[in-house]
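Worksheet for the structure shown next.
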Amino acid sequence: MSIKNIPLKLTAKSLRSDQTVRWCPGCGDYAILSQVQRVMPKLGLPKEDFVVISGIGCSSRFPYYMDTYGIHSIHGRAPTLATGLAISNPDLSVWVITGDGDALSIGGNHFIHTIRRNIDLNIILFNNRVYGLTKGQYSPTSRQGHRSKSSPMGSIEQPINPIALALAANATFIARTLDSHTKHMGGVFEEAAKHKGTSLVEVYQKCIIFNANEWGDLQDSHKRDDHIIYLEDGQPMVFGKNMDKGIRMNAQYELEVVELGDEFTEADLLVHNVKSKALALMLSSMEWPNFPAALGVIHSREAQTYTEGLELQIADAQARKGVGNLQSLYADADTWEI
Amino acid sequence: MSDKYIVKELDSVVIRFAGDSGDGMQLTGTQFTNTTAVFGNDISTMPDFPSEIRAPAGTLAGVSGFQVNIGSTDILTPGDEPLVLVAMNPAALKASIKDLQSGGIIIANTDAFTASNLKKAEYESNPLTDHSLDGYELHGIPLTTMNREALKDIKGLSGKDKDRCQNFFALGMTFWLFDRELDTSTEWLQVKFAKKPILAEANIKAMQTGYFFGETTEAFRHRYRVRKATLESGTYRKITGNEATAIGLVTAAEKMGKTLFYGTYPITPATDILHNLAKLRHFGVRTYQAEDEIAAMGSVVGAAFGGAFAVTGTSGPGIALKSEAMNLGLMLELPMVIVDVQRGGPSTGLPTKVEQSDLLQVMYGRNGDSPMPIIAPTTPSDCFNAAIEAARMAIRATTPVIILSDGFLGNSSEPWLLPDPDSIPPIPVTHATEPNGEDGTFLPYKRDENGARPWAVPGTKGLEHRLGGLDKSPETGNVSYVPEDHAQMTAERLGKIAKLVDIIPDQEVYGEEDGDLLVISWGGTYGAVRSAVRDEIEKGRSVSHAHIRYLNPFPANLEEVMNKYKKIMVSELNNGQLAFILRGTYGIEVESYGKVEGQPFKISEIAEHIEEALK
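Following this line, the structure appears as structure tokens:
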């Protein structure tokens, strides 16, 4: 990133636009907006280098509330616009704001291909497991049996796991956080923004109107620590309010929750390794309430970004052929004189 | 020259090479064309290939053809009826014979006329021997056998490899027939197979043997000569429409001082634009092969927001998928170019065949009032000019602009007089750098005198702003549901496109400025229609031709031009789409002559309809 005249005080407040925020009272989106505004000033970039691009859905109103460059685009396509922008303008910090319907249903194809290409941008996936803007239909992440206006007898469909999907697309950074846990969320956003390449952050987000109980005890600050494992690279997977539980792999290569004590000690537990794709896949399958929700950086590795690869090709071609010249381009065929 | 044959001088001649899609007919045709272009003939070519990559060998579905019209006069089309047909197998003969002029010359590879191949081509008896071709000058030549014989001393090549040289044997014969040198193709083979000189050697030997066969055999009664054309002096090359589009886009980017971003998804017949641009990394060209048509269009909108010269290329089915994102580009009011290389439709339609049936789609096929400028190039090389003009319009009105090319233009070729890049005027681009509102605010939809809005690129300090697909308040661009705001913004979007008429040249007419009949056409049918009108004028008919290059907005004087004729006939490769727009726009009577057979117009077809219309 180029160093420009960085204003002395890029603050969360200076990132707020003059538009009134119009989400439902109690919606998890407010907290996410506020954390993005808190994290951006920590990244050492001037305001004009941030671009926020969204699709369609409740969360996609997001760019209007940010005093940065932004586009409120069309349903599911935000990653495609962000890709074109990032390829042609690699110095920008590009953020894609999307929801479970936007990213995984109508935009599923763009979601995987953007990740696969490792375009340098941050995808914040607001997962509330329901369609909010269209008033409450089940979404591609809704649990089987989820009752909604469009599934009064329960959803028949299996949900998709966005993290497993991103792993299949060879994601280079995957993290998960929770809207009500603002401190954790801010830390994860910062790590995601610093990662070079596509960063995916799944935010467990509460839709207070249509799916208020989806996250149950995770949303209760007194109870949540018994249902969350905060992942730390290199650390054994201990969790619980009293740090008395852990995750181990059993003889069937399946994860299981164990109580620490006589039978199991920390030595029996899995140690988190952000570079392991296999481990990331297992962690992604842990679903509250049978397992603790895995929050934090699930997977992270370094890899060339798409734009780096492209710029290398341009530099290589120019080194071999010289910078393109129109006259010789026109004549690059069998020519004849008349 | 010997006296075994008579030399015939011709103004122009049409030749078709036809064979199995694995026979290398496109290559043979291209080689013949290159040599004759370098010699100095005017040319126009048209490939005709199946959409199957390799249909079963020997079947009608697998026939691949390449037609070239060469002349000493102004050649505008690949020609109606070939004089010479080179048929490598029965299927190729069957697929092409209906087009051959009566008394035309057939060179057929007799070795391929086996019982099995005849059956595959659905022949009940062998046409080479059953007298069904008595009206033609038939030369049955055992090409395969003779080629094998010619190459028998070449060591280190399999029989199969040797057989694959037989198209060059046929090419050599054709070179003899038209009195052409072998130099250009010889050099091409040497370069092409520099790393496998044995393949160069074999093909050159095959070509030479074919040539000498023409010389020594007494089979051919005639040899043909087509003198050099009197073209404007300068350096020429052969160019297809898709090549010209690619080169034009690169030129436009340079003239704007921008990098070219080309986001696309492969689709016939537009893909060659991508292939051509992908080779141009040294121009800083950023080609991007998206996951689908929608993503391609989205990437173009994003790149345009980022200040690139953003372009996509596709065909009708791709336009269908891109429409929503095209409309977003229109709503964000960012400059970008969309190339539609039309093919036969609807649905998957006829991917490799030509049709002009996307006009209504690009004009009206989006939700809401969605005006986009449309330019239709007229010849392969005109695609170069269209690309530059489209860029100019896109900048002037901060809008997506459509180039409506077609499969015929895209794949056909003609000689192109190389322009001097310095003679092409720059395309000035202004990016907003300062606030334009009171108190240092930025008004992203505050328009200039042409109706364009400021193009402020992310990274520009103090101009942070949000765009979106929702409709807006004038000037501020803030989301608005106020009825008057929507009406005003709709009118402004329409107005700036209509105002492009200021930079569009007046409609020219070929022929008299008034009279009995005005033939109107657009796009790739230019050559056929112009040739037919030229012939009819020579016959003394009161007919003129207006070829419309700007389909939205129309040239300012178009109505005036049309009013000077008693009758108007619109000839287009669809069922009357431009006719429909003209009727709706001007409330005038027009007669429609459409053709939807996946094939270009023949000059004779247009001529017949002119005669009919004049009755």
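Keeping their order, the protein sequence lines are chains A and S.
Just so we're on the same page, my numbering is the position in the first sequence counted from 1, plus 13.
Just so we're on the same page, my numbering is the position in the second sequence counted from 1, plus 343.
Note that the Cβ used here is the ideal one computed from N, Cα and C, for glycine as well.
Selection G200/A, K219/A, E267/A evaluated against Y243/A yields G200/A as nearest (Cα-Cα).
When DSSP states are grouped into helix, strand and coil, A451/S belongs to the strand group. Collapsing the DSSP output to three states places S234/A in coil. With its beta carbon at least 8 Å from every one in chain S, R51/A lies outside the interface. If you ignore the 5 residues before and after N224/A, its C-beta comes within less than 7 Å of the C-beta of N141, R142, V143, all in its own chain and listed in chain order. CA-to-CA, the gap between A206/A and E676/S works out to about 30 Å. Membership of P92/A in any beta strand (DSSP E) is not indicated; the residue belongs instead to the alpha helix (DSSP H) covering 91-101.
A check of alpha carbon separations from I931/S across V876/S, I911/S, E558/S identifies I911/S as the nearest. In the three-state reduction of the DSSP assignment, C220/A falls in the strand class. Relative to N918/S, the option among I349/S, G820/S, L703/S, L419/S whose CA is nearest is L703/S. Membership of Y554/S in the alpha helix (DSSP H) is indicated by the continuous run 540-559. A straight-line Cα-Cα distance of about 47 Å links S234/A and N710/S. Beta-bridge partners of K910/S (DSSP): L860/S. Interface annotation for the region 566-591 of chain S against chain A: K571, A572, T573, L574, E575, S576, G577, T578, Y579, R580, K581, I582, E586, I590, criterion Cβ-Cβ distance under 9 Å. Annotated three-state conformation of H85/A is strand, per DSSP. Assigned with DSSP and collapsed to three states, R129/A falls in helix.
Annotation: the region 716-775 of chain S contains the following complete segments of the alpha helix (DSSP H) (minimum length 4 residues), in chain order: 725-739, 750-754. At a C-beta separation below 9 Å, I100/A has these neighbours in chain S: F604, G606, R629, Y631, S642, G645, A646, G649, A651. In this structure, the beta-carbon distance from W798/S to T868/S does not fall below 8 Å. Residue-level contact by beta carbon holds for P76/A and chain S, with a gap shorter than 8 Å. Between A737/S and M679/S, the gap from beta carbon to beta carbon is short of 8 Å.
Looking at the DSSP output, M389/S shares a beta bridge with Q410/S. In the DSSP assignment, D363/S falls within the beta strand (DSSP E) that extends over 355-363.
Cα atoms of P390/S and T127/A: separation of roughly 37 Å, rounded to the nearest angstrom.
If you draw a straight line from the Cα of V886/S to the Cα of K463/S, it comes to about 47 Å. In chain A, no part has a C-beta under 9 Å from the C-beta of E352/S; the shortest such distance is about 20 Å. For M516/S, the uninterrupted alpha helix (DSSP H) segment begins and ends at 509-520.
Of the candidates D363/S, E792/S, D857/S, the residue whose Cα lies closest to the Cα of V406/S is D363/S. Secondary structure note for Q50/A: it is in no beta strand (DSSP E), and the uninterrupted alpha helix (DSSP H) holding it is 42-52. The three-state reading of DSSP puts D791/S in coil, since its state is none of H, G, I, E or B.
Between the alpha carbons of I770/S and M640/S lies a distance of about 23 Å. DSSP, read as helix, strand or coil, puts N377/S in helix. Note on the region 453-488 of chain S: whole beta strand (DSSP E) runs with a minimum of 3 residues are 480-484, in chain order.
Residue-level contact by beta carbon fails for N490/S and chain A, as no gap is shorter than 8 Å. Secondary-structure assignment with DSSP links W349/A through a beta bridge to Y579/S.
Sequence-distant Cβ neighbours of L664/S in its own chain, meaning closer than 6 Å and more than five residues away, are E636, I637.
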